[in-house]
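Q:
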Amino acid sequence: MSEHSANPSTTAATGRARAVKAVIPAAGLATRFLPATKAVPKELLPVIDRPVLQYIVEEAAQAGIGDVLLITGRGKTSMVDHFDRRPDLEARLEAKGDTDRLAAVKRPSELAEIYTCRQPEQLGLGHAVGYAESHVGDQPFAVLLGDEFVKPSEPLLPAMLELQARTGGVVLAFFEVDPAETKRYGIASVAPAEAELTDIGEVVKVTGMVEKPQPQDAPSNLAVLGRYVLPGRIFDAIRRTEPGSGGEIQLTDAMELLRSEGVPVHAIVYRGTRYDTGMPLGYLQTVVQIAAEREDLGTEFRAWLTEFVNNGDETVTAAILNGVRDAAGGSGT
6 MSEHSANPST TAATGRARAV KAVIPAAGLA TRFLPATKAV PKELLPVIDR PVLQYIVEEA
66 AQAGIGDVLL ITGRGKTSMV DHFDRRPDLE ARLEAKGDTD RLAAVKRPSE LAEIYTCRQP
126 EQLGLGHAVG YAESHVGDQP FAVLLGDEFV KPSEPLLPAM LELQARTGGV VLAFFEVDPA
186 ETKRYGIASV APAEAELTDI GEVVKVTGMV EKPQPQDAPS NLAVLGRYVL PGRIFDAIRR
246 TEPGSGGEIQ LTDAMELLRS EGVPVHAIVY RGTRYDTGMP LGYLQTVVQI AAEREDLGTE
306 FRAWLTEFVN NGDETVTAAI LNGVRDAAGG SGT
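Take 6 as the starting number for the sequence shown in this note's numbering and just add one per residue.
In structure tokens:
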């Protein structure tokens with residue numbers, strides 16, 4: 006696996022470059038999952054038999070992105086190892102005739118070209134993204150946060166790539182949150198998008214952004230989902246961005262700087278299934294939802310889960326059943 010790539014961006018019908026590279030910031034300490042994440046990166050926590058990070062790289066690959074840069078930190082080299090080949094293990098499985106597991110072991114290395122960059126200090130999402138400049142250059146690129154992903158049958162990234170290729174600006178993804186939860190997210194104020202963009206999906210024009218506002222100060226209940234498609238000029242904006250919320254260099258602030266300078270900022274409101282593994286509760290809900298839907302596990306797992314909750318505390322029963330209903334109904338965590 007190399008440290009650099011020279012793959013050019015393809016060109017959209019508008020004549021603008023189309024993003025073909027993705028950046029996954031994954032250097033955080035994941036303190037909410039300690040002590041498990043003392044030695045195991047949060048991004049490698051398993052959702053049944055695949056780590057969270059693989060679901061995210063698969064999402065990028067499904068959208069046609071074959072070049073992925075991982076922004077890593079100390080103690081996280083195993084993330085790169087996961088996408089490397091294991092000839093010894095492959096040979097053992099092949100000798101046993103275990104073709105299904107052999108294919109599963111090979112799959113991570115076949116998804117994309119994986120590159121790495123070390124972030125020595127964790128000083129905010131904007132700070133992390135800034136380390137991608139030497140890899141990305143002045144071309145547009147996608148940013149996928151390392152603790153959430155969407156259902157493969159309800160993709161989000163292809164529409165975002167198309168929207169960015171048409172506008173040449175910043176493209177975000179939003180989802181609706183309970184107004185009381187705005188203090189956990191970047192929140193946007195929006196206006197109707199240009200008519201020629203509405204064929205892409207539920208597109209809105211972003212008129213302002215604020216990081217983690219209190220409910221009474223929030224301009225809407227549209228929260229920023231962990232997917233961005235950014236123009237190469239974001240790097241200059243990051244350099245000019247002062248530390249903001251939490252004393253960190255916030256990507257939200259850098260994007261707002263570009264918007265104030267006339268760069269178009271649009272977003273797609275996502276109505277599909279979003280899995281959020283950034284906190285223990287969301288991680289557990291993700292595991293339950295995906296297990297309940299798996300063809301090889303779902304029937305037996307749902308039967309066991311029903312028996313378990315029927316014999317448990319009423320509060321626990323209601324919470325678990327709600328998670329299973331969400332999985333069956335296609336709503337996110």
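For glycine and all other residues, C-beta sits at the position ideal for the given N, C-alpha and C. As the structure is a prediction and not an experimental result, all values here were calculated from the model.
Taking Phe313 as part of the alpha helix (DSSP H), name the residues at either end of that continuous run.
A: In the sequence shown, residue 313 corresponds to position 308, counting from 1. Residues 303 to 315.
Q: Could you check the C-alpha separation between Glu201 and Asp222 for me, to the nearest Å?
A: Numbered from its first residue, the sequence shown carries residue 201 at position 196. Numbered from its first residue, the sequence shown carries residue 222 at position 217. Their Cα atoms are separated by approximately 32 angstroms.
Q: Below 8 angstroms on the Cβ atoms is my guess for Thr2 versus Arg106; work out the distance and round it to an integer in Å.
A: The chain is shown from 6 up to 338; residue 2 falls before or after that span and cannot be answered.
Q: Starting from the N-terminal side, write out each stretch of the alpha helix (DSSP H) that is 4 residues or longer and does not extend beyond the region 129 to 154.
A: The qualifying runs are 130 to 135, 138 to 141.
Q: When the Cα atoms are used, what is the spatial distance from Val25 to Asp281?
A: As a position in the sequence shown, residue 25 is number 20, starting the count at 1. As a position in the sequence shown, residue 281 is number 276, starting the count at 1. Going by the C-alpha atoms only, they are around 25 angstroms apart.
Q: Bridge partners of Thr121, per DSSP?
A: For the purposes of this step, residue 121 is taken as the residue at position 116 of the sequence shown. In the DSSP output, where bridge partners are listed per residue, Thr121 has Leu75.
Q: Cα separation between Gly142 and Ala44?
A: Here the question's residue 142 lines up with position 137 in the sequence shown. Here the question's residue 44 lines up with position 39 in the sequence shown. About 33 angstroms.
Q: Measuring CB to CB, does Leu58 end up less than 8 angstroms from Ala35?
A: Here residue 58 is taken as the residue at index 53 of the sequence shown, counted from 1. Here residue 35 is taken as the residue at index 30 of the sequence shown, counted from 1. Against a cut-off of 8 angstroms, the Cβ pair of Ala35 and Leu58 comes out as no contact.
Q: Determine which residues share a DSSP beta bridge with Tyr190 and list them.
A: Translated into the one-based positions of the sequence shown, residue 190 becomes position 185. Its beta-bridge partners do not exist; DSSP assigns none.
Q: Could you check where the alpha helix (DSSP H) with Glu64 kicks off and where it finishes?
A: Position 59 of the sequence shown, counting from 1, holds the residue named residue 64. Per DSSP, Glu64 belongs to the alpha helix (DSSP H) from 57 to 67.
Q: What residues in its chain sit with their C-beta under 7 angstroms from that of Ala133, if we drop five residues either side in the sequence?
A: Translated into the one-based positions of the sequence shown, residue 133 becomes position 128. Only Pro30, Ala32, Ile76, Gln124 meet the Cβ criterion.
Q: Just reading off the alpha helix (DSSP H) that Met260 is part of, what are its end residues?
A: As a first step, residue 260 is located in the sequence shown; it is residue number 255 there, counting from the start. Taken as a continuous stretch (DSSP letters only), the alpha helix (DSSP H) holding Met260 covers 256 to 265.
Q: Taking all protein chains shown into account, decide if Ala11 is buried (16 or more other Cβ within 10 angstroms of its Cβ) or exposed.
A: As a working mapping, residue 11 is identified with position 6 in the sequence shown. Model confidence at Ala11 stands at a pLDDT of 37, short of 50, so the residue's coordinates are unreliable; what they give is reported in the following sentence. Answer is exposed; the Cβ neighbour count stays below 16.
Q: Secondary structure at Leu34, three-state DSSP: helix, strand or coil?
A: Translated into the one-based positions of the sequence shown, residue 34 becomes position 29. Correct three-state label for Leu34: coil.
Q: Run through DSSP, which three-state label would Pro157 get?
A: Numbered from its first residue, the sequence shown carries residue 157 at position 152. Coil at Pro157, not helix or strand.
Q: Kindly list the residues whose CB is nearer than 8 angstroms to the CB of Ile53, restricted to its own chain and excluding five residues on each side of it in sequence; keep chain order.
A: Along the sequence shown, read from residue 1 onward, the residue named residue 53 stands at position 48. For Ile53, where only same-chain residues beyond five positions count, the Cβ hits under 8 angstroms are Val292, Ile295, Ala296, Arg299, Leu302.
Q: Taking its Cβ as the centre, do 16 or more other Cβ atoms sit within 10 Å of Leu39, making it buried, or is it exposed?
A: As a first step, residue 39 is located in the sequence shown; it is residue number 34 there, counting from the start. Looking at its Cβ environment, which holds fewer than 16 other Cβ atoms inside 10 Å, Leu39 is exposed.
Q: Drop a sphere of 10 angstroms on the beta-carbon of Arg23, count the other beta-carbons inside from all chains shown, and report buried for 16 or more, exposed for fewer.
A: Looking up residue 23 in the sequence shown gives position 18. Looking at its Cβ environment, which holds 16 or more other Cβ atoms inside 10 Å, Arg23 is buried.
Q: So, helix, strand or coil for Ala22, using DSSP?
A: Residue mapping note: residue 22 aligns to position 17 of the sequence shown, counting from 1. In this structure, Ala22 counts as strand in the three-state DSSP scheme.
Q: Quick one: Cα of Arg90 to Cα of Lys111, how far?
A: As a working note, residue 90 is residue 85 in the sequence shown. As a working note, residue 111 is residue 106 in the sequence shown. Their Cα atoms are separated by approximately 7 angstroms.
Q: Are the CB atoms of Leu168 and Val175 within a distance shorter than 8 angstroms?
A: Position 170 of the sequence shown, counted from the first residue, corresponds to residue 175. Position 163 of the sequence shown, counted from the first residue, corresponds to residue 168. Contact: no.
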